[in-house]
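Participant: Respectively, the protein sequence lines represent chains H and V. Positions 142 to 667 (the working numbering) are the ones given, in order, by the first sequence. Positions 19 to 110 (the working numbering) are the ones given, in order, by the second sequence. Think of the CB as a built atom: it goes at the ideal place given N, C-alpha and C, for glycine as much as any other residue. In this text, all values refer to a predicted model and were calculated from it rather than measured experimentally.
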Amino acid sequence: MNTIKKHLPKSVLIGLAAIILPFGAQATSDTSKNTHQLYEDNCASCHGSDYGGFIAPGLNSDSLKGRSPTALRSLIMTGSFDTLMPPFFGRLSDDDIRGLVKHLQTTPKQTNPAWTIDDIKASIKVYVKDESTLPAKPTYAINSMDDVIGVAARGKYGRGSGSKAVFINSVTHKQIGEIPTGTAAHIIDYNPANPRWAYVKTDTAEIFKVDLYSMQAVRSVKTGFNGPGLGVSRDGKYIMAGSYVPHNAVILDADTLEPLKTFELEGIDPDGKMVSSDSGMIIGTPFADIFAIALENAGQVWVVDLKEGFPVTKIENVGRHLHDAFLSHGGSKLMVASYDDSIVTAIDLKDRKIIKKLEAGCVPHVGGGSVVEVDGRTLGFGTNFGDCDKMVVSVWDLDKMEVVKQVPVSGGTESPAAHANAPYVAVDIISKDRRARTIQLIDKKSLEVVKTLDVGGHAYFPEYSADGKFLYVSAGYSGDEVVVYDSKSLEKVASVQMESPAGIFSHGRVRYMTRGLSPDEMKGAK
Amino acid sequence: MGLVSAQSVNAASIYAGEAKAAAVCSQCHGIRTPSADAPFPPLAGRDADYLKSALKQYRDKTRKSDIMNAIAGSLSDDDINNVAMYYGRLKP
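(1) Can you tell me whether DSSP reads Gln119 (chain H) as helix, strand or coil?
(2) Mind checking whether Ala102 (chain V) and Ala54 (chain V) have CB atoms under 7 Å apart?
(3) What do you get for Thr554 (chain H), buried or exposed, if any count of 16 or more other CB atoms within 10 angstroms of its CB means buried?
(4) With contact counted as at least three CB pairs below 8 Å, one residue from each stretch, are the segment 418 to 428 of chain H and the segment 472 to 480 of chain H in contact?
(5) Count the other CB atoms within 10 Å of the CB of Asn100 (chain V); is the residue buried (16 or more) or exposed (fewer)?
(6) Have a look at H:Asn332, H:Gly299, H:Ile484 and flag the residue whose alpha-carbon is nearest the alpha-carbon of Thr524 (chain H).
(7) Helix or strand or just coil, what does DSSP make of Asn100 (chain V)?
(8) Against chain H, with Cβ distances strictly below 7 Å, would Pro57 (chain V) count as a contact?
(9) Taking C-beta pairs closer than 9 Å, name the residues in chain A that Ser44 (chain V) reaches, listed in chain order.
(10) Take the Cβ of Ala600 (chain H) as the centre, count every other Cβ of all protein chains shown within 10 Å, and call the residue buried at 16 or more, exposed below.
(11) According to DSSP, is Thr322 (chain H) part of a helix, a strand, or is it coil?
(12) Taking just the CA atoms, how far does Pro198 (chain H) sit from Pro249 (chain H)?
(13) So, helix, strand or coil for Gly460 (chain H), using DSSP?
(14) Where do the ends of the alpha helix (DSSP H) carrying Thr219 (chain H) lie?
(15) Report the rounded CA-to-CA distance for Val269 (chain H) versus Gly372 (chain H), giving the unit in angstroms.
(16) Using a Cβ cut-off of 7 Å (strictly closer), state whether Gly91 (chain V) contacts chain H.
(17) Got a sec? Which residues, its chain only, sit under 7 Å from His506 (chain H) by beta carbon, not counting five neighbours each side?
(18) Compute the Euclidean distance between the alpha carbons of Asp271 (chain H) and Gly521 (chain H), then round it to the nearest angstrom.
(19) Listing by chain order, which chain H residues have their CB less than 9 Å from the CB of Ala37 (chain V)?
(20) What's the gap between the Cα of Lys585 (chain H) and the Cα of Leu468 (chain H)?
(21) Tell me which residue opens and which closes the alpha helix (DSSP H) that Ser186 (chain H) is part of.
(22) Which of the residues in the segment 635 to 664 of chain H, read from start to end, lie with their CB under 9 Å from any CB of chain V?
(23) Cβ of Lys633 (chain H) less than 7 Å from any chain V Cβ?
(24) Got a sec, what are the start and stop residues for the alpha helix (DSSP H) Ser479 (chain H) sits in?
(25) So for Tyr385 (chain H), helix, strand or coil by DSSP?
(26) Which of the three DSSP states, helix, strand or coil, is assigned to Met422 (chain H)?
(27) Less than 7 Å between CB atoms is the rule here; does Tyr480 (chain H) satisfy it with respect to chain V?
(28) Using 7 Å as the threshold, is the C-beta distance between Asp191 (chain H) and Gln246 (chain H) below it?
(29) To the nearest angstrom, report how far apart Ser92 (chain V) and Gln75 (chain V) are at their CA atoms.
(30) Would you say Ala41 (chain V) faces chain H, with C-beta separation under 7 Å as the test?
(31) If you compare alpha carbons, which of H:Ser615, H:Thr176, H:Ala487, H:Leu582 is closest to Ala563 (chain H)?
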C-alpha cells in the first residue's frame, strides 16, 4: 500500500474542497490532515508512522479502544513517568492534544506505507560535496580511533536540538564532537575498513554518514519511516538497513549511500502462516562477505551474499518473533534472540543452518550480546526483558552450545557489556521502579552478581572503553548524563551531560566483533 | 550525637527528594536543566523556601496551572520538603 502517494491526491482534493465546499466541511478535512501531520511530527518516531507501535506502543482505534479520552489527554500532557514518553504540556496546545486523542481513537493502524528504492535515492542529502577536502587525520588529540565512544542521545522529545550522536574520547572522558540528527539517534556503527567513517541511524530511519576526523555528517539518506536495523560489511563497502515501517531492507553503497537493492521482508512463519515482517537485527560479520538479517515476525534469518544480484539464503523456523543477535567464533556463529518462545537460536553461518535452540530466560533481548573466554571456555551472555517470573541472565557455552547457568539478577535486563580486560559482565536492570537506576555486575569466573551500581536516572546500555579500563553507562531519561566508572574499582570517575542518552557504542567493537572478546582471539578464530 | 542524627535525617530526605525529583519533576524540569526544547523553568539551585511555597500553592490551587495543580496534588508535605531541599542544593 502506498499511503504517501495516496495522500497526495487527497491533499489536492482538500485544496479543491477549500474552494468548493462551505466553511464547516473544509475545517473538518483540514483538521484531520493537520492532526495526522501533528502525529507524524510529534509521535510517529516512537509510536510508529503506521500508528502500529515501534519502541513505544501502537496508538490506534484498536489499541486505544475503551480508554478514557480524559486519561489519554492528561497522559500526553504530563508524559508517562518511568518511560521515555515526555510531557507535551506547553509544546502542543490543549486543542491539539484533544484533537490528537480523538484522531488516535478513530484511526486504525495504517497499512504498510511504501518507501521505494526511488524514494530512498531521492532522499540522499550531501553536506560535504568533495570528500577529498576533509582532513587526513583527526582534528583533535586522540591516541587511537578505537578510543572513540559514541552515544545515541535521544533528546527529551525524541527529536529536536537534544537529538544527536555524541562522540567522547574514552581515555579523557571529554566530548570530542556531536552530530545533530533531528530525530532520536538509535544505532551507531563503524566502518571496519576505514576508521574515519561512522554511521548513525535514527528512529525515523535516516542514516548519517559521519566523518569522525572532522566530526561532521557528510551525507544522509532516509531508508524508511521507522526501524533501527543497521549493519556494515566487513570490507566497509556496503551498509544494510532494515525497517519496521515499511517492511523492507535495503543494501546501500557505504560510500555514497546510494541504494543498490531493496528486499521485501515476508515469509512463512514457524506456524505456517505467510506474513509480512518487521526487520530485526542486521549484522555484517568478519567471517564472510555477507549480511545476516532477522525477519522478526516471519521467524526467519536471511543470509545475503555480497555479490552480483545479492542472492538470499533463507533459514526458516528460527523462532517466534526474532529481535537482536550477536556473533561468536570468528563471526561464523550467530546467536539470535527470539522473544515469544524465550530462546536464543544458534545459527552456523557457514552451513547456513540452525545448530541449536537454547533456553534464554524470559523474552530475550541480547542487545549486542557478550562473549568472554574464561578458563578455556567460550561463554556467551544474554540479557532478557524478564516480563515473566524469570529474572536471569543466561550464560551459554558456545563451543558445546549448552546452557551453563542462568544467573539470578534483580530484574529485567536489556544489554550486557563485557571486555577482555575487565573482570565483570555489566547488565542493565530495566524493571520500571527504583531498580531501573541500577547496573549489576556479574563476575566472569564465579558467574554471580557481585555488585550493584546505583547510577541514577534510567540506567541502561553499559559499554566498556576499548582498553577495558572504564565502564560507560547511560543514566538515560530522568538522568540526562553518561556516567563513567573505573572498570575494576567501580569508582565513578566522570560524567558527560546530554539529553536522554541511550545506546553507547565503542569504536573498539570493530576490532573485537562482540563485546568481551579480545582482538587476538578474533584473529585466532579466523 | 544530636548533630549526627540531624545530619542523617537531612541526608535521608535529600535522597528521598532525589528519588521523587527523578521520578516526577525531572520529567519536565530535568535534573540540572530542562530539555533545550522544553517550555519548563529549571529548578536546580532555586531557593528551597520558594520552591516549597510554590508547590504548596499549586497543591491548594491558590496558584493556577492545569498541569502543576494535578501533579502537586499528589505530593505530601514530606515530598514537597524533600524535593525543594534536593533541587535547592543542586548546582545548575
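Facilitator: Looking at the atomic coordinates:
(1) There is no way to answer for residue 119 (chain H), as the model of chain H reaches only from 142 to 667.
(2) no
(3) buried
(4) yes
(5) buried
(6) H:Ile484
(7) helix
(8) yes
(9) In the displayed structure, chain A is absent; the protein chains listed are H and V.
(10) buried
(11) coil
(12) Our two residues, Pro249 (chain H) and Pro198 (chain H), have alpha carbons roughly 14 Å apart in a direct line.
(13) In the three-state DSSP reduction, Gly460 (chain H) falls in the coil class, being neither helix nor strand.
(14) 210 to 219
(15) 23 Å
(16) Answer no: the Cβ-Cβ gap between Gly91 (chain V) and chain H never drops below 7 Å.
(17) The answer, listed in chain order, is His464, Asp465, Ala478, Thr524, Asn525, Phe526, Glu555.
(18) 44 Å
(19) Arg575, Arg578
(20) 19 Å
(21) 185 to 188
(22) Residues Gln638, Glu640, Ser641.
(23) no
(24) Segment 474 to 479 is the beta strand (DSSP E) holding Ser479 (chain H); no alpha helix (DSSP H) there.
(25) coil
(26) strand
(27) no
(28) In this structure, Gln246 (chain H) does not lie closer than 7 Å to Asp191 (chain H) by Cβ.
(29) 13 Å
(30) yes
(31) When C-alpha distances from Ala563 (chain H) are compared across H:Ser615, H:Thr176, H:Ala487, H:Leu582, the shortest belongs to H:Leu582.
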